[in-house]
Amino acid sequence: QFTPEAFPLSDSRSFIAPLWADVHNGIRGDVYYRETSDPEILERATQDVRKYFKNMVSFTATWVFIATWSQVTFYGGSQTTP
Numbered sequence: 458q459f460t461p462e463a464f465p466l467s468d469s470r471s472f473i474a475p476l477w478a479d480v481h482n483g484i485r486g487d488v489y490y491r492e493t494s495d496p497e498i499l500e501r502a503t504q505d506v507r508k509y510f511k512n513m514v515s516f517t518a519t520w521v522f523i524a525t526w527s528q529v530t531f532y533g534g535s536q537t538t539p
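So this is what it looks like as structure tokens:
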């Protein structure tokens, strides 16, 4: 059973947690992940972080973690639920 809870961070750091989700790939689907340093992807990540995290105007991505959920369902889902 997935129960969303706050991370135990004592400060106010911003972060992205791509695998903290209501996903159950034991029934159907797959989760793929990889790391890249492709220049085009790094530039896009840099621009996205600067856009959505306004206090990080000097951020420059040096690597990127990419996660893909393919045909997975949610906890409590079935073979036929998306």
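Quick note on the working numbering: the sequence shown kicks off at 458 and runs consecutively.
Glycine is no exception: its CB is placed at the ideal position from the N, C-alpha and C atoms.
These figures come from a predicted structure and were not determined experimentally.
Contact between the segment 497-505 and the segment 469-480 is absent: fewer than 3 CB-CB pairs across the two stretches fall below 8 Å. Ranked by how close their Cα comes to the Cα of Met513, the residues Asp505, Thr519 and Trp520 have Asp505 in first place. A Cβ-Cβ separation of about 23 Å leaves Trp526 out of contact with Ser494 under the 8 Å criterion. Here Gln536 is near Ile484, since their CB atoms are less than 8 Å apart. Residue environment: Thr517 is assigned as exposed (fewer than 16 neighbouring CB atoms within 10 Å of its CB, all protein chains considered). Note: Tyr489 is bridge-paired with Thr525 in the DSSP secondary-structure output. Non-local C-beta neighbours of Arg470 in its own chain, meaning closer than 8 Å and more than five positions away in sequence, are absent. In the displayed model, Thr503 falls within a helix according to three-state DSSP.
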